[in-house]
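Reading through the structure tokens given below for one structure.
Protein chains: 2
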Amino acid sequence: MQNNVISTTEFITPAQLLAHWQGHRHLTRRVVEAFPEDKLFDFSIGGMRPFSELVLELIRLTIVGAHGTATGQWKDVEELYAGDTKPTTKAGILRFWDDATALLNEQWPSIRPERWQEMDAALGQYEGKVYSIMLYWLDNENHHRGQGYVYLRALGIEPPFFWDRGQGNW
Amino acid sequence: MQNNVISTTEFITPAQLLAHWQGHRHLTRRVVEAFPEDKLFDFSIGGMRPFSELVLELIRLTIVGAHGTATGQWKDVEELYAGDTKPTTKAGILRFWDDATALLNEQWPSIRPERWQEMDAALGQYEGKVYSIMLYWLDNENHHRGQGYVYLRALGIEPPFFWDRGQGNW
Numbered sequence: 069m070q071n072n073v074i075s076t077t078e079f080i081t082p083a084q085l086l087a088h089w090q091g092h093r094h095l096t097r098r099v100v101e102a103f104p105e106d107k108l109f110d111f112s113i114g115g116m117r118p119f120s121e122l123v124l125e126l127i128r129l130t131i132v133g134a135h136g137t138a139t140g141q142w143k144d145v146e147e148l149y150a151g152d153t154k155p156t157t158k159a160g161i162l163r164f165w166d167d168a169t170a171l172l173n174e175q176w177p178s179i180r181p182e183r184w185q186e187m188d189a190a191l192g193q194y195e196g197k198v199y200s201i202m203l204y205w206l207d208n209e210n211h212h213r214g215q216g217y218v219y220l221r222a223l224g225i226e227p228p229f230f231w232d233r234g235q236g237n238w
Numbered sequence: 069m070q071n072n073v074i075s076t077t078e079f080i081t082p083a084q085l086l087a088h089w090q091g092h093r094h095l096t097r098r099v100v101e102a103f104p105e106d107k108l109f110d111f112s113i114g115g116m117r118p119f120s121e122l123v124l125e126l127i128r129l130t131i132v133g134a135h136g137t138a139t140g141q142w143k144d145v146e147e148l149y150a151g152d153t154k155p156t157t158k159a160g161i162l163r164f165w166d167d168a169t170a171l172l173n174e175q176w177p178s179i180r181p182e183r184w185q186e187m188d189a190a191l192g193q194y195e196g197k198v199y200s201i202m203l204y205w206l207d208n209e210n211h212h213r214g215q216g217y218v219y220l221r222a223l224g225i226e227p228p229f230f231w232d233r234g235q236g237n238w
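So the sequence lines, in the order shown, correspond to chains A and B. Numbered per my numbering, the first sequence spans residues 69 to 238. Numbered per my numbering, the second sequence spans residues 69 to 238.
The structure is reproduced here in structure tokens:
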């Protein structure tokens, strides 16, 4: 799916980066699954958003980010996804998640190799090199999923192992 | 500090990666500072470790990881750091943190460019390419710092902005 003609001194290839991110996404999906249906939407700590809202943010950023990185055009998620962007059930969130997974896999190979070191304004407003914009999505996912772990622990539920990115059915 | 003769198609250069990680580390340091002294060591949610223990893990991984990446030798932190590796005060943790910052900056330029795509066993036991080992430290930091955000919110304390990696005094 990816151009593999790379120098051996590259830190990470685009194909490796996609696999790395999708591995994290696979883990995040399992954290969604670990939540009881009601707690996914109404449990929170210290006035924070419930995990459903954090996850919807992650899905939006994945879809908008993949498209923006590939095309240079920053569109609203509603322009890029015909399904339900505000699901109110766990099944609906997982469907949205899986569709984002497919969209990310579809867009990734069309990202030009020199794109990562170009300047852009993510979502039309946050200036930076594209690599740093892309890493923001990944870092933000680790950040919010870590918060989901605390919610699960507070609910007495053991979360999946952080290191287990088993490349399953995504 | 870093060899800048790179192709323009590289996703991220080693110098950019160091700056990215140190930006995150700067933010994590500010999260440590935001904790009241006692809560840093005794507050937890759902049976999790207090934030002090999460941070000591991050510091150990930074020191051991930087040295292991640079040299291929995986040593215990006590072999690499002459100071107090089990501080019991916030000031002690911050001192350990800052020393790790300096050690990371010192080691980084000696990492061979082809090192990232080599196989190794992190800490002598976790096999993978070196880039994925290095990303583990970064991802793990985002994960645990996100948990620190929940602790702070539960304590009624507003954490620093996630996106503010102001390259201050690290």
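We put the beta carbon where it would ideally sit given N, CA and C, even for glycine.
For I127 of chain A, the nearest beta carbon of chain B is not closer than 8 Å to its own beta carbon. Using a CB distance cut-off of 8 Å, P177 of chain B does not count as an interface residue toward chain A. Linking T153 of chain A to F230 of chain A through their CA atoms gives a straight-line distance of about 27 Å. DSSP places M187 of chain A within a strand segment (E or B) once states are collapsed to three. Looking at the DSSP output, Y194 of chain A bridges to A:A190.
For K107 of chain A, the enclosing alpha helix (DSSP H) stretches over residues E105 to D110. Residue environment for Y194 of chain B: exposed (fewer than 16 other C-beta atoms within 10 angstroms of its C-beta).
Look at E101 of chain B here: in three-state DSSP terms it is helix. Between the beta-carbon of E209 of chain A and that of T96 of chain A there is about 6 Å, and that keeps the pair under the 8 Å contact cut. Contact with chain B is found for D207 of chain A, since one of that chain's Cβ atoms lies less than 8 Å from the residue's Cβ. Contact with chain B is absent for R117 of chain A, since none of that chain's Cβ atoms lies less than 8 Å from the residue's Cβ. Where G160 of chain A is concerned, the enclosing alpha helix (DSSP H) starts and stops at K158 to Q175. By the neighbour-count criterion, in which a residue is buried when 16 or more other Cβ atoms sit within 10 angstroms of its Cβ, A190 of chain B is buried. Within chain A, the residues placing a beta-carbon under 9 Å from that of P181 of chain B are S75, T76, T77, E78 and F79, ordered along the chain. If you check each beta-carbon in the region 94-114 of chain B against every beta-carbon of chain A, the ones closer than 8 Å belong to I113 and G114. Under the Cβ criterion of 8 Å, A190 of chain B is not counted among the residues facing chain A.
Annotation: W205 of chain B to G151 of chain B spans about 22 Å, alpha carbon to alpha carbon.
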